[in-house]
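Using our numbering, the letters of the sequence shown map in sequence onto residues 17 to 265.
Idealized CB from N, CA, C, for every residue including glycine.
These figures come from a predicted structure and were not determined experimentally.
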Amino acid sequence: MVDAITVRTFGGPTALFEYGGLRLLTDPTFDQPRTYVSPSGVTLTKLAPPAAPPAELGHVDVVLLSHDEHADNLDDSGRALLAEVPLTLTTVGGAGRLGGTARGLAPWESVQVGAVTITAVPARHGPEGCEPITGEVTGFVLTGEGLPSVYVSGDNAALELVEQIAARFGPIDTALLFAGAVRTGLFDGALLTLDSGQAAEAARILGARQVVVVHFDSWAHFTEGRDDLVKAFTAAGLADRVQLDRHGL
């Protein structure tokens, strides 16, 4: 596969990859199975342990954190890990809550880290108007001289935002898509993340050459898993581009 990067996944939304001389980690969740209560009052239940403990990560240069308010994107072990990482990029509100080395980026704002430009891109964690309940969320696009482009979706449920990102940065070489078709009692059960068909459509919109899907296992509120994703990407003719192995390459 041209311009493919190696991505190791740990369950849930957590993935590690090297890019432009940096080691980057998405939404760290390393707790053992347990139950949490989110700020909206929804109970979140983790069903499986991580594929490996934080001690096996090695050095991490940057954490790309879609948001800090839900335990399935940042749990207690993940919060402890942030203290050891030189830079955490997240939402503006999240950086204010986290402090430390966290830096908030507004949508379309960029920061240069070594040879890598990291741009925050919009994401919406549910239907229009959801933000007061589900909170502020961000995705990221990584670019650099001579490097393949990488998109990290975060907990985004809006394909129209994917179209905006594709218009600015497409085609994308590697897309890390958060899926799982999350539905809770909020918003009459509306999707809070992409379902499997939407994940395949997002890959098509982006023109992604490599797709790594995360955020579809290990939690009870994910309503679609690996089999649904395989079916959707196969139907879209994109099965040869997608990585779904929880334990990575």
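The ligand FAD heavy atom lying under 7 Å from the CB of residue i
i      : result
VAL168 : For the ligand FAD, the structure offers nothing, since it holds no ligand at all.
Pick from the options that is closest to residue i, judged by C-alpha positions
i      : options                       : result
VAL153 : LEU114, SER234, THR107, ALA31 : THR107
GLY213 : GLN226, LEU81, VAL227, ALA195 : ALA195
ALA139 : GLY115, LEU175, ALA219, THR45 : LEU175
VAL129 : LEU80, GLY170, PRO143         : LEU80
HIS143 : ALA99, ALA206, GLY28, ALA131  : Per the sequence shown, residue 143 should be read as Pro rather than His. Out of ALA99, ALA206, GLY28, ALA131, ALA206 has the C-alpha closest to the C-alpha of PRO143.
ALA68  : VAL198, GLY94, SER54          : GLY94
HIS75  : ALA99, PHE249, VAL246         : ALA99
HIS86  : ASP204, HIS237, THR250        : HIS237
Residue i versus residue j - alpha carbon distance
i      : j      : result
GLY112 : ALA118 : 8 Å
THR61  : ARG50  : 6 Å
ALA215 : PRO29  : 14 Å
ALA64  : VAL127 : 35 Å
ASP211 : ASP91  : 23 Å
ARG24  : TYR35  : 13 Å
THR266 : ALA224 : Here the chain comprises residues numbered 17 to 265, so residue 266 is not present and cannot be evaluated.
GLY124 : GLN48  : It should be noted that the sequence gives Trp, not Gly, for residue 124. Between TRP124 and GLN48, the C-alpha separation is close to 35 Å.
VAL18  : PRO164 : For VAL18, the predicted model reports a pLDDT of 45, less than 50, meaning its position is unreliable and no value from the coordinates is stated.
HIS263 : PHE33  : For HIS263, the predicted structure reports a pLDDT of 46, less than 50, and the residue's modelled location is therefore unreliable. A value from the coordinates is still provided. Looking at the two C-alpha atoms, the distance is approximately 13 Å.
LYS247 : GLY27  : 20 Å
Nearest-angstrom Cβ-Cβ length linking residue i and residue j, presumed shorter than 8 Å
i      : j      : result
VAL157 : THR135 : 5 Å
THR150 : HIS141 : 4 Å
LEU272 : GLY186 : Only positions 17 to 265 of the chain appear in the structure, and residue 272 is not among them; the question remains open.
ALA131 : GLY37  : 6 Å
ARG220 : PHE232 : Not really, about 18 Å apart at Cβ, beyond 8 Å.
C-beta contact flag for residue i and residue j at 8 Å
i      : j      : result
THR239 : VAL58  : no
VAL230 : THR190 : no
PRO102 : ASP77  : yes
ALA31  : LEU192 : yes
ILE181 : VAL137 : yes
GLN226 : ARG184 : no
ASP171 : SER234 : no
ASP84  : LEU114 : yes
SER56  : LEU202 : yes
PRO70  : LEU105 : no
(request) Quick one: which unbroken beta strand (DSSP E) runs of 3-plus residues sit fully inside the segment 84 to 111? Chain order, please. (result) As far as the segment 84 to 111 is concerned, its whole beta strand (DSSP E) runs of at least 3 residues are 103 to 106.
(message) Extract the residue ranges of the alpha helix (DSSP H) inside the segment 169 to 224, only unbroken runs of 4 or more that lie entirely within it.
(response) For the segment 169 to 224, whole alpha helix (DSSP H) runs of length 4 or above, ordered along the chain, are 175 to 185, 212 to 222.
(message) Ignoring anything shorter than 3 residues, give me the beta strand (DSSP E) runs that lie fully in the segment 23 to 65, in order along the chain.
(response) 23 to 25, 31 to 35, 38 to 42, 51 to 53, 59 to 61, all fully within the segment 23 to 65.
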